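Heads up: the protein sequence lines correspond to chains A and B, in order.
The opening position of the first sequence corresponds to residue 18 in my numbering, with each subsequent residue numbered one higher.
The opening position of the second sequence corresponds to residue 6 in my numbering, with each subsequent residue numbered one higher.
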Amino acid sequence: MKPLVPETIETERLRLRQYTIEDTDAVARMVGDPEVMKFLGGQTQTKSWEIWRSLAATLGHWVMRGYGSYGVEEKASGKLVGRIGLLNPVGWPDLELAWTLERTAWGKGYATEAAGAVGRAAVAHLKPERLISLIHPDNRASQRVAERLGATRERTTDFFGADNPAFIYRHDLARFR
Amino acid sequence: MKTLVPATIETERLRLRHYTHDDLDALAEMLADAEVTRFVGGQVTKRIDVWAFIARTLGHWVMRGYCPYAVVEKSTGRLVGRIGLLHPETWPDIEIAWTLHKPYWGMGYASEAAKAVGRVGFGDLKARRLISFINAENTPSIRVAERLGAMREGPTDFFPGETVYVYRHEPARFH
């Protein structure tokens, strides 16, 4: 499927672009960090085949849906610092705006900057009825990003399992127009 | 997107093409079968995991320029299996891999499709070495490898806890 949203997006400090196989090490650094994965199911991914599977699934999402997750590069350093994009595997509660940054990139407003740009791309090109973010109840940092983006908390879902609850944040589409 | 091999391949009875979202139901049925998946990672029963299976296959294509194909029976249009070139990170070589859904076993489909895939692997992709990993107990697959003229290289320790043979394919058999 041809991309329905831009394959690269530039913000003031970040470049969002497609993952490639060369990103394996940078992805490994992020998903191997227990602090980063704490609210993303809790399981770190450390084996190279796990990283490969995760990258393959991310790229395949683009082929199947025409949109997906971007690798987030810090323009100043050229370093890959995170993964931000649009998630919608089959059965997903709704189109999700999702963000994950490696620890060195926390606290700089990067998630808000990149997620805002992706939210605008989603609203402009996909015209979704709903755009949500699923956030662990204890993940205050991510909740603050959602709030800064103008999202409101709707309810708790056990979509990821009874032992792994998530708040559903609903984005205000008008904020992304 | 880089593509190093044809996006579709036609054989006498089969069409090999890329998976799409629409294959979800047919693939779910195949991957839910314990016998079909016995030697290829086991049953996949959740719909979202079947979706991820397709996504990973297509992501393999994005990263490598090739991936296993969805195999369609031309006469019926039905999805009958998954056959193609597999080379995830850590895989020691490029593999010709085949999995057919049970109703389509014993019809020579695996040999027919794998032959076409091998031609593409040695030809378009210019692979120096193509192998197949086959569990020692997987007699039907061993017969397919033998029919393709592959040479058994002995067990590999790549899959701990399983006896898996490496079958090396002969380029000359795929001209």
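Quick reminder that beta carbons are idealized off the backbone N, C-alpha and C, glycines included.
On a predicted model such as this, the values are computed, not experimentally measured, just so you know.
Legend entry - Neighbourhood of residue 121 (chain A) by C-beta, 8 Å cutoff - its chain only, sequence neighbours within 5 removed: Within the first sequence, numbered from 1, the residue matching residue 121 (chain A) stands at position 104. In chain order, 98 place their CB closer than 8 Å to the CB of residue 121 (chain A), counting only its own chain and leaving out the 5 sequence neighbours on each side.
Can you pull out the residues from the stretch 48-67 of chain A whose beta carbon lies closer than 9 Å to at least one beta carbon of chain B?
64, 65 and 66
For residue 48 (chain A), collect the residues of the same chain with a Cβ closer than 6 Å to its Cβ; drop the 5 residues on either side in sequence, then sort them by chain order. Counting from 1 along the first sequence, the entry for residue 48 (chain A) is found at position 31. Around residue 48 (chain A): 62.
Tell me where the alpha helix (DSSP H) around residue 80 (chain B) begins and ends. Locating residue 80 (chain B) in the second sequence gives position 75, counting from the first residue. Element bounds for residue 80 (chain B): n/a, residue is neither H nor E.
* Cβ atoms of residue 84 (chain A) and residue 22 (chain A): under 8 Å apart, would you say? -> Numbered from 1 along the first sequence, position 5 holds the residue referred to as residue 22 (chain A). Numbered from 1 along the first sequence, position 67 holds the residue referred to as residue 84 (chain A). It is a contact, given that the beta carbons lie within the stated cut-off.
Kindly confirm or deny that the stretch 23-43 of chain A and the stretch 73-87 of chain A touch, where touching means at least three C-beta pairs closer than 8 Å. yes
Cross-strand partners of residue 89 (chain A) (DSSP beta bridge):
On the first sequence, residue 89 (chain A) is found 72 positions in, with the first residue counted as 1. BP columns for residue 89 (chain A) point to A:33 and A:99.
Do we get a CB-CB distance below 8 Å when we pair residue 87 (chain B) with the residues of chain A?
On the second sequence, position 82 is the one that residue 87 (chain B) refers to. No, because no Cβ of chain A sits closer than 8 Å to the Cβ of residue 87 (chain B).
- Start and end of the alpha helix (DSSP H) containing residue 160 (chain B)? One-based indexing of the second sequence puts residue 160 (chain B) at position 155. Residue 160 (chain B) -> not in any alpha helix (DSSP H); beta strand (DSSP E) instead, spanning 156-161.
Worksheet entry | Neighbourhood of residue 194 (chain A) by C-beta distance below 7 Å, restricted to the same chain and skipping five residues each side | For this step, residue 194 (chain A) is matched to residue 177 along the first sequence. Here the set comprises 140.
Margin query: Can you check whether the C-beta of residue 104 (chain B) is within less than 8 Å of a C-beta belonging to chain A?
Written below: As a first step, residue 104 (chain B) is located in the second sequence; it is residue number 99 there, counting from the start. It does not; no Cβ of chain A falls within 8 Å.
Going by DSSP, what residue range makes up the beta strand (DSSP E) through residue 86 (chain B)? Walking along the second sequence from the start, residue 86 (chain B) turns up at place 81. Residues 84-91.
As a quick exercise: from B:17, B:173 and B:147, pick the residue whose alpha carbon is nearest that of residue 78 (chain B).
Position 73 of the second sequence holds residue 78 (chain B). Looking at the Cα atoms, B:17 is the closest of the given residues.
For this session: Quick one: using the 10 Å Cβ neighbour count with 16 as the cut-off for buried, is residue 13 (chain A) buried or exposed?
Result: No statement about residue 13 (chain A) is possible, as the shown extent of chain A runs from 18 to 194 and does not include it.
- request: Below 6 Å CB to CB, which residues in the same chain sit around residue 14 (chain B) once its five sequence neighbours on both sides are set aside?
  value: Working through the second sequence from its first residue, we reach residue 14 (chain B) at position 9. If we look at residue 14 (chain B) and ignore the five residues flanking it on each side, its Cβ neighbours are 21 and 121.
DSSP state of residue 44 (chain B), grouped into three classes?
In the second sequence, the residue the question calls residue 44 (chain B) occupies position 39. If DSSP states are grouped into helix, strand and coil, residue 44 (chain B) belongs with coil.
Notebook entry, point to check: Should residue 67 (chain B) be flagged as near chain A, meaning a C-beta pair shorter than 8 Å?
Noted result: In the second sequence, counting from the first residue as 1, residue 67 (chain B) sits at position 62. So, interface residue.
inquiry  = Along the stretch 37-64 of chain B, where does the CB come closer than 7 Å to a CB of chain A? Name the residues.
reply    = 52, 53, 56, 57, 59, 60, 61, 62, 63 and 64
Look at the Cβ atom of residue 64 (chain B), then the Cβ atom of residue 76 (chain B), and state whether they are nearer than 8 Å.
Indexing the second sequence from 1 puts residue 64 (chain B) at position 59. Indexing the second sequence from 1 puts residue 76 (chain B) at position 71. Not closer than 8 Å, so no.
inquiry  = Between the stretch 179-193 of chain A and the stretch 29-38 of chain B, can you find at least three pairs of beta-carbon atoms closer than 8 Å?
reply    = Fewer than three pairs of CB atoms, one per stretch, sit closer than 8 Å, so the stretch 29-38 of chain B makes no contact with the stretch 179-193 of chain A.
message: With H, G and I counted as helix, E and B as strand and the rest as coil, what does DSSP make of residue 141 (chain B)?
response: For the purposes of this step, residue 141 (chain B) is identified with residue 136 of the second sequence, where counting begins at 1. Correct three-state label for residue 141 (chain B): coil.
**Asked** Is there contact here, the stretch 153-161 of chain B with the stretch 45-64 of chain B, by at least three beta-carbon pairs under 8 Å?
**Response** no
With 8 Å as the threshold, decide whether the Cβ of residue 93 (chain B) is near any Cβ in chain A. The residue labelled residue 93 (chain B) in the question sits at position 88 within the second sequence. It does; some Cβ of chain A falls within 8 Å.
### Query
Are there 16 or more other CB atoms within 10 angstroms of the CB of residue 18 (chain A), so buried, or fewer, so exposed?
Locating residue 18 (chain A) in the first sequence gives position 1, counting from the first residue. Answer is exposed; the Cβ neighbour count stays below 16.
field: chain A residues whose Cβ lies nearer than 9 Å to that of residue 29 (chain B)
entry: Indexing the second sequence from 1 puts residue 29 (chain B) at position 24. Within 9 Å Cβ-Cβ: 107.
Residue 27 (chain A) (DSSP reduced to helix, strand or coil): To locate residue 27 (chain A), count along the first sequence from 1; it is residue 10. Three-state result, residue 27 (chain A): strand.
In the DSSP output, what is residue 13 (chain B) paired with across the bridge? Working through the second sequence from its first residue, we reach residue 13 (chain B) at position 8. In DSSP, residue 13 (chain B) forms no bridge with anything.
* Given residue 43 (chain A), which residues of its chain have a CB within under 6 Å of its CB, disregarding the five upstream and five downstream residues? -> By 1-based counting over the first sequence, the position of residue 43 (chain A) is 26. Excluding sequence neighbours, residue 43 (chain A) sits near 97.
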